[in-house]
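Going by this note's numbering, the sequence shown opens with residue 4, and the numbers climb by one from there.
In what follows, a single structure is set out as structure tokens and then discussed.
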Amino acid sequence: MKLWTGMTLGAAAFLAAGGCADEAGQQGCTRNEDCPAGRWCVAGRCVAVGDGGDVEVADFGDGDEGPACARASDEAVPMPVDIIIGIDQSASMGEERDGVRAWVNDSLAGILEAAGLDYRVILIQSGFCMEPPLGSAADCTASNPPRYYNVAHGVNSSDLLTIFLWSYDGTSRSPNTCTANPGAVFAWRDVLRAFSQKVFIAVTDDDPVSFNCVNTTARCTEGCEGCAGDCAGYCPNYQCPTYADRPAEWGGADFATELYALEPAGMFGSRERPMWIFHSIVGVSRVLEPDEPLTPLDETCASGGNTAETSGVEYQKLSRLTGGIRFPSCDTDYSPVFERIAAMVLPLACTYRVESTALGPPDPDHTNVMVDLGDGSGEHVVPQDTRFDCDAGAEGWQWNEDYTLIRICGTACDEIQEAAGAHVTITVGCATVVT
4 MKLWTGMTLG AAAFLAAGGC ADEAGQQGCT RNEDCPAGRW CVAGRCVAVG DGGDVEVADF
64 GDGDEGPACA RASDEAVPMP VDIIIGIDQS ASMGEERDGV RAWVNDSLAG ILEAAGLDYR
124 VILIQSGFCM EPPLGSAADC TASNPPRYYN VAHGVNSSDL LTIFLWSYDG TSRSPNTCTA
184 NPGAVFAWRD VLRAFSQKVF IAVTDDDPVS FNCVNTTARC TEGCEGCAGD CAGYCPNYQC
244 PTYADRPAEW GGADFATELY ALEPAGMFGS RERPMWIFHS IVGVSRVLEP DEPLTPLDET
304 CASGGNTAET SGVEYQKLSR LTGGIRFPSC DTDYSPVFER IAAMVLPLAC TYRVESTALG
364 PPDPDHTNVM VDLGDGSGEH VVPQDTRFDC DAGAEGWQWN EDYTLIRICG TACDEIQEAA
424 GAHVTITVGC ATVVT
């Protein structure tokens, strides 16, 4: 069986849970005739069909269970996406900030809006002006729920990963130290959805190693201009960086380990089933795909009058870890960047999570997808299509590798996105209809 093996994604819609069989109805079976009157053989056990309950009798034609079967249904909702953007606001980043402001509305939010995706943008930077429609017309530096949220926390050259982690629950970092201030900023945890796909976007021309303990202390020891008199006491905590694959300077672990440890548990998935992807707009010299190697720290972009400080190796590592893309920060026409990120998110509009139903856990061979486009044509079955990959011509739907997500492919997905009144229903219990 060909499975959809795309991104490991989070969840948006649950199918209704509940018991429908009494103890007597739990007996094993291989066909309907093995069950008492009023019960049906589903996934190897007899289940009761009650009047007006969660389980109904359906007719999908000839199948393993005969001309009729018992099924449980619920309307499915596409998975949401939460996008977290952090922008370095050091002196060298003026044009890059303007590039984000200019293109995030049209080339990211606009595309997701047109596709009907349930999205949120959380932006971390102090004093950032996000113009409408994403931002607020009354105050462009304020949040504009439910689509846009601003976390007013300054971001420096080397502390972005730390700020991502700390600001999650509202903690800020005092300047030039690793001092944490709980409750000092907006806790974006409060607007993050538990079963959304999380998309991080880091925008910087530098790297956590630039102002870490070793490098900064060395510069101070060499008598660099403007260094504090007590270099040994000042420099080790200067920008308090977090790294991709080694312990942070504030006493924490690497970024991914700290991310998975955030409460509530499972918000970002797990190492086995991550629910986040990390894109980097950093000082790389060209666009780099996830499978391309890291580039040296000093191999940087230089275009449009901008020259990056470093290639952002720590951010590159996180992009490679999660399947993200690395984009050059120097060319501040970020429309291709945000369009590419949006294109990677769009499959979520036709992706649904399947968990427990009134008939218990779903059986991969007894699941069907029903679509009503709201045009008066009524509900119809979308067949499962395992002949091709979802992005290579499949016309139907597919499971992911662990049978927890269903993605609708091809024309059916296009019709769902284009129809204002479309409803998708996932039914469990009847033999799967295939192409």
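Backbone N, C-alpha and C fix where the C-beta goes; we use that ideal spot for every residue, glycine too.
Give every residue of the same chain whose Cβ lies closer than 7 Å to the Cβ of residue i, excluding the five residues on either side of it in the sequence, and list them in chain order.
| i | result |
| --- | --- |
| residue 144 | 130, 131, 132 and 153 |
| residue 114 | 342 and 345 |
| residue 139 | 145 and 147 |
| residue 414 | 398 |
Report the option in the options whose CA atom is closest to the CA atom of residue i.
| i | options | result |
| --- | --- | --- |
| residue 119 | 84, 192 and 313 | 84 |
| residue 416 | 373, 273 and 338 | 373 |
| residue 244 | 212, 358 and 89 | 212 |
| residue 92 | 432, 163 and 108 | 163 |
| residue 375 | 332, 369 and 427 | 427 |
| residue 185 | 172, 124, 197 and 196 | 172 |
| residue 293 | 301, 304 and 280 | 280 |
| residue 170 | 177, 160 and 156 | 156 |
| residue 371 | 385, 112 and 355 | 385 |
| residue 159 | 125, 197, 136 and 207 | 207 |
| residue 257 | 305, 307, 308 and 318 | 318 |
| residue 381 | 387, 424 and 433 | 424 |
| residue 334 | 438, 81, 82 and 98 | 98 |
| residue 128 | 309, 137 and 100 | 100 |
| residue 452 | 121, 31, 299 and 125 | Lying outside 4 to 438, the shown extent of the chain, residue 452 is not represented and no answer is given. |
| residue 150 | 142, 177, 161 and 122 | 122 |
| residue 369 | 177, 429, 404 and 301 | 429 |
| residue 197 | 165, 142 and 268 | 268 |
| residue 403 | 95, 40, 350 and 306 | 350 |
| residue 308 | 90, 37 and 96 | 96 |
| residue 81 | 435, 250, 419 and 434 | 419 |
So with Cβ pairs under 9 Å, would you call residue i a contact of chain D?
| i | result |
| --- | --- |
| residue 153 | No chain D is present in this structure, which holds just one protein chain. |
Pick helix, strand or coil for residue i, following the three-state DSSP scheme.
| i | result |
| --- | --- |
| residue 180 | coil |
| residue 124 | strand |
| residue 424 | coil |
| residue 107 | helix |
| residue 305 | strand |
| residue 349 | helix |
| residue 281 | strand |
| residue 434 | coil |
| residue 96 | helix |
| residue 335 | coil |
| residue 343 | helix |
| residue 401 | strand |
| residue 374 | strand |
| residue 382 | strand |
| residue 85 | strand |
| residue 354 | strand |
| residue 412 | coil |
| residue 151 | strand |
| residue 175 | strand |
| residue 300 | coil |
| residue 258 | helix |
| residue 446 | An answer regarding residue 446 cannot be provided, because it is not within the stretch 4 to 438 covered by the chain. |
Give every residue of the same chain whose Cβ lies closer than 6 Å to the Cβ of residue i, excluding the five residues on either side of it in the sequence, and list them in chain order.
| i | result |
| --- | --- |
| residue 194 | 152 |
| residue 303 | 286, 311 and 314 |
| residue 337 | 102 and 106 |
| residue 261 | 168 and 255 |
| residue 406 | 367 |
| residue 348 | 84 |
Take the Cβ of residue i as the centre, count every other Cβ of all protein chains shown within 10 Å, and call the residue buried at 16 or more, exposed below.
| i | result |
| --- | --- |
| residue 311 | buried |
| residue 285 | buried |
| residue 209 | buried |
| residue 289 | exposed |
| residue 451 | In the structure as shown, the chain begins at 4 and stops at 438. Residue 451 is therefore absent and cannot be evaluated. |
| residue 365 | buried |
| residue 421 | exposed |
| residue 322 | buried |
| residue 252 | buried |
| residue 432 | buried |
| residue 110 | buried |
| residue 410 | buried |
Less than 8 Å between the CB of residue i and some heavy atom of the ligand ADP, yes or no?
| i | result |
| --- | --- |
| residue 188 | Inclusion of the ligand ADP in the displayed structure is not the case, the ligand content being empty and no account of it being possible. |
Apart from the five residues on each side of it in sequence, which residues of its chain come closer than 8 Å, Cβ to Cβ, to residue i?
| i | result |
| --- | --- |
| residue 320 | 247, 248 and 297 |
| residue 265 | 168, 171, 172, 192 and 271 |
| residue 175 | 156, 169, 183, 184, 187 and 188 |
| residue 412 | 7, 353, 388, 393, 394, 397, 398, 399, 400 and 401 |
| residue 263 | 271, 272, 273 and 274 |
| residue 137 | 107, 108, 112, 124, 147, 150 and 151 |
- Message: Taking 8 Å as the cut-off, does the stretch 326–342 touch the stretch 383–401 (at least 3 CB pairs, one atom from each stretch)?
- Response: no
- Message: Taking contact to mean 3 or more Cβ pairs, one atom from each stretch, closer than 8 Å, check whether the stretch 94–108 and the stretch 168–182 are in contact.
- Response: no
- Message: For the stretch 265–282 against the stretch 190–205, do three or more pairs of beta-carbon atoms, one drawn from each stretch, fall closer than 8 Å, so that the two count as touching?
- Response: yes
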